[in-house]
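2 protein chains.
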Amino acid sequence: MDGPQASDPEAGFVGSYLLYLLASVSERASAEFHAHARNQGVRMPEWRVLACLHDGDGAMITRLAQFALMEQSRLTKIVDQMAARGLVTRRADPRDGRRVRVHLTAAGRRLAAQLTADARAHEARILDRLDPDDAARIKPILKKLLAGLKEGAE
Amino acid sequence: MDGPQASDPEAGFVGSYLLYLLASVSERASAEFHAHARNQGVRMPEWRVLACLHDGDGAMITRLAQFALMEQSRLTKIVDQMAARGLVTRRADPRDGRRVRVHLTAAGRRLAAQLTADARAHEARILDRLDPDDAARIKPILKKLLAGLKEGAE
DNA sequence: CCGTTTAATATGAAATTTCATATAAAGCGG
DNA sequence: CCGCTTTATATGAAATTTCATATTAAACGG
Chain H
1 MDGPQASDPE AGFVGSYLLY LLASVSERAS AEFHAHARNQ GVRMPEWRVL ACLHDGDGAM
61 ITRLAQFALM EQSRLTKIVD QMAARGLVTR RADPRDGRRV RVHLTAAGRR LAAQLTADAR
121 AHEARILDRL DPDDAARIKP ILKKLLAGLK EGAE
Chain R
155 MDGPQASDPE AGFVGSYLLY LLASVSERAS AEFHAHARNQ GVRMPEWRVL ACLHDGDGAM
215 ITRLAQFALM EQSRLTKIVD QMAARGLVTR RADPRDGRRV RVHLTAAGRR LAAQLTADAR
275 AHEARILDRL DPDDAARIKP ILKKLLAGLK EGAE
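For the record, the sequence lines run as chains H and R.
Quick note on numbering: the first sequence equals residues 1 to 154 in my numbering.
Quick note on numbering: the second sequence equals residues 155 to 308 in my numbering.
#1: At the level of alpha carbons, what is the spacing between H:A64 and R:G210?
#2: Quick check: is the beta carbon of R:V203 nearer than 8 Å to any beta carbon in chain H?
#3: Across which residues does DSSP place R:M214 in a beta bridge pair?
#4: Which chain R residues are close to H:S155, counting only those with a beta carbon under 8 Å from its beta carbon?
#5: If we require 4 or more residues per run, which alpha helix (DSSP H) segments fall completely within the segment 43-93 of chain H?
#6: Is any beta-carbon of chain R found at less than 8 Å from that of H:R137?
#7: Going by the beta-carbon positions, is the gap between R:D272 and R:H190 smaller than 8 Å?
#8: Which of the three DSSP states, helix, strand or coil, is assigned to R:A160?
#9: Verify whether the separation of the beta carbon atoms of R:A246 and R:L258 is less than 8 Å.
#10: At 7 Å on the CB atoms, spell out the chain R contacts of H:V14, in chain order.
#11: State the Cα-Cα distance for the pair H:L69 and R:R249, rounded to the nearest angstrom.
#12: Check whether the Cβ atoms of H:L22 and R:V242 sit closer than 8 Å, and answer yes or no.
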């Protein structure tokens, strides 16, 4: 009398809808790590920027926005805040004055390195909760899904 | 000179970080469907509420918030807006005056049924882009991951 | 070199989201 | 029944996010 989901969350449409599963797994997994990041004073959007810059310092705003999964105008504001906090600096691209290249400061680099290491450890803990078989399959499948989705978006 | 990700997005840490893959697959897949939903005048949070109520009408605010992956206070406001638009109604629970049960109106029910059908079709198209093997594995793996994550959160 | 188009980033107002807290109803021990 | 604790939802101010548009630089055709 409470609907299908009251007794069994897997029943009904939502409980086995691919997009719900993806969103809720992503949310929960991220929430675990973001709780840790917040203790370092870093929120999700900022952590994403740090991680991207850790991979490749001096990225331009637009590319960071693509990787950090947010809109350009939002990223601009996040970079502003991070710059104000001394985690990154903005530099004009000498070759193309329209571009702004974002660089980690020494403090930003330390934080990024630390959090990236923590993220690897956290990922390992999550994968450990799966059978080795599944653990080995999940990333390749997600990459294929992503490739398929990018195609569709072209 | 542009960092690892410039030439190959899969290189570097981020490109094969589980939480990034999950988030970006979820984002992109959802974006595809949400573009459709928006054409019907429904945004992501509202669509999630509609889908939950389609599965089990008369859910309470707290449960809807859990399923729709958002905070209670946010859900309260979304239900307000949806009620103002005539998609749902609020009713006090006769047994427990603290609870608010949210019900679909006739218009809400039509919209929920339509969008849910569209969502099933969309999901099928996404899974079709994978090998049948992978397509068969993805949901079970996500469900196991979710189960593991829920455990950790207890 | 000029005018036009495109690309990269910034900005501001409006809307949403978060955070902390308020309200109000149950539940519970005595 | 009374006070105390817990549960469910609401509310309001502050912060963030979105959306549309502005700004500035490059690119390009003539």
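Ideal Cβ placement from N, Cα and C applies to all residues, glycine included.
Keep in mind it's a predicted model, so treat the numbers as computed, not measured.
A quick look at the data gives this:
#1: As a working note, residue 64 of chain H is residue 64 in the first sequence. As a working note, residue 210 of chain R is residue 56 in the second sequence. Checking the sequence, you will find Leu at residue 64 of chain H rather than Ala. H:L64 and R:G210: Cα-Cα distance of roughly 40 Å.
#2: Taking the first residue of the second sequence as position 1, residue 203 of chain R is located at position 49. R:V203 does not count as touching chain H.
#3: Residue 214 of chain R sits at position 60 when you count from the first residue of the second sequence. For R:M214, which the question treats as bridged, DSSP gives the partners R:R255.
#4: Residue 155 of chain H lies beyond the range of chain H shown here (1 to 154); nothing can be said about it.
#5: 44-55, 61-67, 72-84
#6: For the purposes of this step, residue 137 of chain H is identified with residue 137 of the first sequence, where counting begins at 1. It does; some Cβ of chain R falls within 8 Å.
#7: Here residue 272 of chain R refers to the residue found at position 118 when the second sequence is read from its first residue. Here residue 190 of chain R refers to the residue found at position 36 when the second sequence is read from its first residue. Yes, the pair counts as a contact, with Cβ atoms nearer than the cut-off.
#8: Mapped onto the second sequence, residue 160 of chain R falls at position 6. Since pLDDT at R:A160 reaches only 48, below the 50 mark, its modelled position is unreliable, and the value read off the structure follows with that caveat. Helix.
#9: The sequence position of residue 246 of chain R within the second sequence is 92, counting from 1. The sequence position of residue 258 of chain R within the second sequence is 104, counting from 1. Contact: no.
#10: Against the first sequence, residue 14 of chain H aligns to sequence position 14. Ordered by position in chain R, the residues that pass the 7 Å Cβ test against H:V14 are A205, C206, D209, F221.
#11: On the first sequence, residue 69 of chain H is found 69 positions in, with the first residue counted as 1. On the second sequence, residue 249 of chain R is found 95 positions in, with the first residue counted as 1. About 44 Å.
#12: Along the first sequence, read from residue 1 onward, the residue named residue 22 of chain H stands at position 22. Along the second sequence, read from residue 1 onward, the residue named residue 242 of chain R stands at position 88. Not a contact, by the Cβ cut-off of 8 Å.
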